[in-house]
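Report on one structure; see the data block that follows.
Numbering (full-length UniProt numbering), first residue to last: 1 to 117.
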């Protein structure tokens, strides 16, 4: 009687192809991650009164304030505008990052920081 289980029908070859594809995908993801690190996103708030630039490493690299937005009697508004511009720039960078990775993974979840296996 034949033993069941194992790799029937040439499965090891398919597994090798799968591993090669996974390695290729991992290399592409690493390259894309490096490319994203060199990108910058600038977002504004208050009709351009506040601009914040964020790097691909999600660090603030520049803050630009229009002179008219600097009102010593309304610091809270300036703080809100800086926060809004910063959050928008970070959101856009995250969106760019996810879109770039989705091109590689074909939209499969769980592969962003490495393989879950």
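In this text, a Cβ means the ideal position worked out from N, Cα and C, and glycines have one as well.
Could you spell out the range, first to last residue, of the alpha helix (DSSP H) harbouring residue 85? 75-105
Coil, strand or helix - residue 62 by DSSP: strand
Is DSSP giving residue 113 helix, strand or coil here? Any reading at residue 113 needs caution, since the residue's pLDDT is 49, under 50, leaving its predicted position unreliable; the model's value is listed next. The answer is coil: DSSP assigns residue 113 none of H, G, I, E or B.
Per the DSSP calculation, residue 51 is bridged to which residue(s)? 44 and 64
7 Å Cβ cutoff met for residue 41 and residue 92: yes
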